[in-house]
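Reviewing the structure listed below.
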Amino acid sequence: MLNLSALLEDGARKVPERDAVVFGDLRLNYGFVDAIANQVAALLVARGVEPGDRVALVSPNTPYFPFVYFGALKAGAVVVPLNVLLTAPEIAYHLEDSGAKALFAFAGTPDLPLGERAWKAFNEVAACETYIDLPATPGATESTIDGAQTLWAALEGMPTTFETVRTEADDTAVLIYTSGTTGRPKGAELTHNNLAFNVVASDGLFERDPDDPDVYLAVLPLFHIFGQTAMMNVAFYRHATLVLQSRFDAEESLSLMEREKVTVFAGVPTMYWGLVGAKGGHDIEAIAARLKSVVSGGSALPADLSRRVKDKFDLGVAEGYGLSETSPVVSFNDPRSGAKPGSIGKPIWGVEMKLVDENFDDVEGEGPGEIAVRGHCVMKGYHNRPEVNEQVFKNGWFRTGDIARRDEDGFYFIVDRSKDMIIRGGYNVYPRELEEVLLEHPAVSLVAVVGVAHETHGEEIKAFIVREEGAQLTEEELIAWSKERLAAYKYPRLVEFREELPMTATGKILKRELR
204 MLNLSALLED GARKVPERDA VVFGDLRLNY GFVDAIANQV AALLVARGVE PGDRVALVSP
264 NTPYFPFVYF GALKAGAVVV PLNVLLTAPE IAYHLEDSGA KALFAFAGTP DLPLGERAWK
324 AFNEVAACET YIDLPATPGA TESTIDGAQT LWAALEGMPT TFETVRTEAD DTAVLIYTSG
384 TTGRPKGAEL THNNLAFNVV ASDGLFERDP DDPDVYLAVL PLFHIFGQTA MMNVAFYRHA
444 TLVLQSRFDA EESLSLMERE KVTVFAGVPT MYWGLVGAKG GHDIEAIAAR LKSVVSGGSA
504 LPADLSRRVK DKFDLGVAEG YGLSETSPVV SFNDPRSGAK PGSIGKPIWG VEMKLVDENF
564 DDVEGEGPGE IAVRGHCVMK GYHNRPEVNE QVFKNGWFRT GDIARRDEDG FYFIVDRSKD
624 MIIRGGYNVY PRELEEVLLE HPAVSLVAVV GVAHETHGEE IKAFIVREEG AQLTEEELIA
684 WSKERLAAYK YPRLVEFREE LPMTATGKIL KRELR
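Oh and the sequence shown: position 99 is 302 in the numbering used here, straight run, nothing missing.
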């Protein structure tokens with residue numbers, strides 16, 4: 204048996220009174236968090252959720268996330284974390300595709316009316332039988348959504364103890380959605396083994412003092428695999444304290460670091476850009492004295508920004524490489540062991556990397572070639588996508604789509620990302636998905652979406668549009684139309700109209716020329 208909920212249960216047994224989660228004024232110890240997760244598990248069983256059923260969760264970084272995440276795992280269910288920025292049609296698609304039987308959704312705030320979108324999506328998917336409202340007011344038993352029941356009302360009378368359902372190492376624990384570069388988002392099936400081993404291997408990259416428990420600042424979204432594994436799950440494995448921040452704000456992050464004596468921080472490059480530029484009256488010397496580890500991922504950290512972080516916090520930024528399909532950590536570039544600037548490092552313990560060509564044959568020497576990965580971190584496969592699985596797997600190796608070269612010391616360097624993928628502010632944006640949506644506009648004849656350099660977001664999304672003959676469409680009109688159909692991090696901010704787009708002889712749009 205192996206169930207990822209052991210990460211929380213072990214802390215509840217050994218350090219029940221230690222703070223597990225800090226959120227605003229709330230300080231919740233391991234015993235309490237585990238007890239609520241047990242109630243969630245009992246609730247799911249009472250509602251007919253069986254081992255292997257999918258339970259969708261859409262919540263920002265609040266205590267609800269670990270409550271539901273570990274509660275679902277205890278019940279033997281599969282967690283389906285969803286991005287809080289998804290529109291109602293996008294949420295409905297994920298519920299349908301995953302076959303989710305239950306949906307737990309944060310009610311939202313005035314600037315994030317999430318509950319309305321989730322409730323609308325739920326009512327469009329007949330197979331999803333249970334909706335639980337996660338109210339913005341802790342402990343609220345009355346829902347602001349007509350017809351919905353809050354978590355606290357649903358948990359009344361549920362036992363605080365629960366015998367975790369037996370699951371095997373290769374059973375799916377989490378279904379994490381990623382678009383890849385073709386078609387609609389696909390669910391990567393991550394097993395209990397994938398996630399547990401990635402936690403242990405990732406934690407082993409850092410030195411820890413058992414007599415000085417760590418404090419993790421989790422501002423990376425927990426619905427993303429980076430935040431989920433590298434922050435929440437590693438923190439609970441270490442019996443550390445997880446300080447939750449719902450949305451990144453550099454001044455607030457520094458205040459939390461100072462107040463909570465944070466020792467571990469992980470972020471995407473734009474977050475580091477914000478931290479080094481913050482102007483508030485913070486005791487940077489005290490913050491730096493407590494910080495033990497700062498980790499960057501999501502996209503390459505510019506060398507100049509890395510230097511500025513080191514100058515401010517007197518600590519080198521550790522960089523790594525991973526994907527949703529790999530739980531996520533594949534390789535790591537640790538400043539303590541001769542890291543190389545611009546490199547994604549070497550494979551972590553238990554993981555192998557190599558370079559392959561378009562035929563999946565090995566590429567010797569420096570390369571370049573496509574990165575292929577084998578090891579405990581690699582997903583079971585894409586949910587209900589046998590034809591895609593056949594393309595990306597061979598003899599246990601998973602081809603990532605990322606192009607890299609390799610030096611004589613075994614360090615890997617990314618030279619091109621997964622085909623046309625855009626990384627905007629740490630979020631993966633896949634042009635094909637956007638193009639399909641934009642082509643639904645009656646005035647759009649042809650479209651190509653690319654990423655263009657941006658000072659703070661890394662890349663911005665730009666759409667090149669050929670209008671239908673005689674159609675009248677402005678940049679502002681198309682952007683406004685897109686905002687209604689795409690999550691906030693996806694819709695194009697830049698639109699350029701052209702009479703034609705550059706193409707190859709076979710009719711393929713030459714995106715490199717557009718870039």
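The beta-carbon is built from N, C-alpha and C at its ideal position, and this holds for glycine as well.
Computed from a predicted structure; not experimentally measured.
In the DSSP assignment, S405 falls within the unbroken alpha helix (DSSP H) covering 395 to 406. Counting the other Cβ atoms within 10 Å of the Cβ of F365 gives 16 or more, which makes it buried. Taking a contact as a CB-CB distance under 8 Å, the pair Y334 and L306 counts as one, their CB atoms being some 5 Å apart. Going by DSSP, V512 is part of the alpha helix (DSSP H) stretching over 506 to 516. Taking the Cα positions, W476 is about 32 Å away from R320. The criterion of a C-beta distance shorter than 8 Å is satisfied by D373 and K583. In this structure, DSSP gives I428 a helical state, which the three-state scheme calls helix.
No Cβ-Cβ contact shorter than 8 Å links K323 with A303.
Assignment of beta-bridge partners to G661 by DSSP yields H657. Per DSSP, the continuous alpha helix (DSSP H) segment holding D300 begins and ends at 291 to 301. In the DSSP assignment, N232 falls within the beta strand (DSSP E) that extends over 229 to 232. When rounded, the separation of the alpha-carbon atoms in D560 and E611 is 19 Å. Counting along the chain, the unbroken beta strand (DSSP E) around V533 starts and ends at 532 to 536. Contact between P269 and M435 holds: CB atoms are separated by about 6 Å, below the 8 Å threshold.
Counting only runs of at least 3 residues, the segment 222 to 270 fully encloses the following beta strand (DSSP E) elements, listed from N- to C-terminal order: 222 to 226, 229 to 232, 257 to 261. For R696 and V218, the gap between their C-alpha atoms comes out near 48 Å. If you compare the alpha carbons of V224, R608, A275 with that of T375, the shortest gap goes to A275. In the three-state DSSP reduction, E573 falls in the strand class (E or B). Cβ neighbours of L423 within its own chain (closer than 7 Å, five residues either side excluded): F429, G430, M434, A469, G470.
The straight-line gap separating the alpha-carbon atoms of V368 and P254 is approximately 8 Å.
Selection V418, R609, V479 evaluated against I547 yields R609 as nearest (Cα-Cα). Counting the other Cβ atoms within 10 Å of the Cβ of D507 gives fewer than 16, which makes it exposed. When rounded, the separation of the alpha-carbon atoms in S346 and G318 is 10 Å. Closest in C-alpha terms to R701, from the list L649, S449, V532, Y615, comes L649. The residue among Y694, E672, D623, E638 with its C-alpha nearest the C-alpha of R718 is D623. Going by DSSP, N631 is part of the beta strand (DSSP E) stretching over 630 to 632. For a cut-off of 8 Å, the C-beta gap from A356 to T370 is around 29 Å, too long to register as a contact.
Take the alpha-carbon of G673 and the one of G390: they are about 40 Å apart.
Cβ neighbours of E327 within its own chain (closer than 7 Å, five residues either side excluded): A295. Per DSSP, the unbroken beta strand (DSSP E) holding V498 starts and ends at 496 to 499.
The shortest CA-to-CA distance from A215 to any of T363, P413, N592 is the one to T363. Here A481 has A453, E454, L457 as same chain residues with Cβ atoms under 7 Å from its own Cβ, once five neighbours each way along the sequence are excluded. When DSSP states are grouped into helix, strand and coil, Q352 belongs to the strand group. The alpha helix (DSSP H) runs lying completely inside the segment 430 to 497 and spanning 4 residues or more are 437 to 440, 453 to 463, 472 to 480, 487 to 493, given in chain order. In the pairwise beta carbon analysis, the segment 393 to 400 is classified as not touching the segment 479 to 495: fewer than three pairs are separated by under 8 Å. Listed in chain order, the beta strand (DSSP E) runs fully inside the segment 584 to 609 are 600 to 609, counting runs of at least 3 residues.
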